[in-house]
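**Student:** Below you will find the structure I want to go over with you.
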Amino acid sequence: MALAIHPQVDRGSKPAAANFTGGTLYCHCADRKVAVSIKGQSNYNHVCGCTRCWKPAGALFSQVAAVASGNVTVTANGDKLKVVDEKAVVQRHACSACGVHMFCRVGPATHPLHGFDFIHTELSSDEGWAPAGFAAFVSSIIEAGADPARMDEVRKRLRDLGLEPYDCLSPGLMDFIATGIAKASKVPQRKMAETA
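Residue 275 in our numbering sits at position 151 of the sequence shown; the count goes up by one each step and never skips.
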């Protein structure tokens, strides 16, 4: 029997649909569902082990993807949305009734990820979202109660699912963040030495 990571990846992931135009995310309420429309495909979809991201019941990891903030529109029952932690850099907008995080907006304009929102594509019944491509903040599941003695097993399971485990974000996303910081700090790019 294999460890359950997240319902969207445990049985294998479907590939992204070509020319996917987006979809609608819904909270878990039985009535007056919060609806959030997403225009276009998601990016950097991954499973996340941090303790702040919303996870469905029984999931060891959350599944998170990035989209441009301008492509996120609350289309129904926005009055039910509440920011989980007003002091956090990432403002998680959750349904005040069922607790589901509908989108997470990066706060300060100086942050390298400002302009992106994080979403949970499993809240949409639309087919074609980009699948998870890596696992982030893997060690953080220990902070949520996972057995530290089973971490090798967790990482093996992630690799078996095609999700390279990292204890930060993926190298490409970390490069994107570092590039934003370097540009904001006006750090001059230097030539890197080569060896023979």
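Just so it is clear, CB atoms sit at the ideal spot from N, CA and C, and this is done for glycine as well.
I need the straight-line Cα distance from asparagine 201 to methionine 226, nearest angstrom please.
**Tutor:** On the sequence shown, position 77 is the one that residue 201 refers to. On the sequence shown, position 102 is the one that residue 226 refers to. When rounded, the distance between both Cα atoms is 12 Å.
**Student:** What are the uninterrupted segments assigned as beta strand (DSSP E) that are 3 or more residues long and contained completely in the segment 193 to 280, given in chain order?
**Tutor:** 196 to 200, 205 to 207, 214 to 219, 225 to 230, 240 to 243, 258 to 260
**Student:** According to the neighbour-count rule (16 or more other Cβ atoms, all chains shown, within 10 Å of its Cβ), is serine 249 buried or exposed?
**Tutor:** By 1-based counting over the sequence shown, the position of residue 249 is 125. Serine 249 should be labelled exposed.
**Student:** For proline 139, write down the residues that DSSP places opposite it in a beta bridge.
**Tutor:** Counting from one through the sequence shown, the residue named residue 139 turns up at place 15. DSSP links proline 139 through a beta bridge to no other residue.
**Student:** Classify leucine 297 as helix, strand or coil using the three-state DSSP reduction.
**Tutor:** Numbered from its first residue, the sequence shown carries residue 297 at position 173. Residue state, collapsed to three classes: helix.
**Student:** Considering valine 160, what are the terminal residues of the beta strand (DSSP E) in which it resides?
**Tutor:** Numbered from its first residue, the sequence shown carries residue 160 at position 36. Counting along the chain, the beta strand (DSSP E) containing valine 160 begins and ends at 159 to 163.
**Student:** Using the three-state DSSP reduction, which class does glycine 304 fall into: helix, strand or coil?
**Tutor:** Position 180 of the sequence shown, counted from the start, is the residue given in the question as residue 304. Looking at glycine 304 - three-state DSSP - the assignment turns out to be helix.
**Student:** At what residues does the alpha helix (DSSP H) containing valine 133 begin and finish?
**Tutor:** On the sequence shown, position 9 is the one that residue 133 refers to. Looking at the DSSP string, the run of the alpha helix (DSSP H) that includes valine 133 is 131 to 134.
**Student:** Of the residues Ala159, Tyr150, Pro289, Pro312, which one's Cα is nearest the Cα of alanine 129?
**Tutor:** Counting from one through the sequence shown, the residue named residue 129 turns up at place 5. Before going on, a small fix: residue 129 reads as isoleucine here, not alanine. Isoleucine 129 has its Cα closest to that of Pro289, out of Ala159, Tyr150, Pro289, Pro312.
**Student:** Can you give me the C-alpha to C-alpha distance between lysine 206 and isoleucine 266, rounded to a whole angstrom?
**Tutor:** Here residue 206 refers to the residue found at position 82 when the sequence shown is read from its first residue. Here residue 266 refers to the residue found at position 142 when the sequence shown is read from its first residue. Roughly 28 Å between the two C-alpha positions.
**Student:** Work out the CA separation of aspartate 241 and valine 191 for me, nearest whole Å.
**Tutor:** In the sequence shown, residue 191 corresponds to position 67, counting from 1. In the sequence shown, residue 241 corresponds to position 117, counting from 1. Those two C-alpha atoms are separated by around 5 Å.
**Student:** Compute the Euclidean distance between the alpha carbons of leucine 184 and alanine 218, then round it to the nearest angstrom.
**Tutor:** Walking along the sequence shown from the start, residue 184 turns up at place 60. Walking along the sequence shown from the start, residue 218 turns up at place 94. Distance between the alpha carbons of leucine 184 and alanine 218: 20 Å.
**Student:** Pick helix, strand or coil for leucine 149, following the three-state DSSP scheme.
**Tutor:** Residue 149 sits at position 25 when you count from the first residue of the sequence shown. Here leucine 149 sits in strand by DSSP.
**Student:** Exposed or buried, which one is arginine 281 when buried takes at least 16 other CB atoms within 10 Å?
**Tutor:** Within the sequence shown, numbered from 1, the residue matching residue 281 stands at position 157. That one is buried.
**Student:** Who are the Cβ neighbours of histidine 235 in its own chain at under 7 Å, not counting the five residues just before and after it?
**Tutor:** On the sequence shown, position 111 is the one that residue 235 refers to. Val213, listed in sequence order.
**Student:** Alpha carbon to alpha carbon, what distance is there between valine 208 and histidine 170?
**Tutor:** Residue 170 sits at position 46 when you count from the first residue of the sequence shown. Residue 208 sits at position 84 when you count from the first residue of the sequence shown. So the two alpha carbons sit approximately 21 Å from each other.
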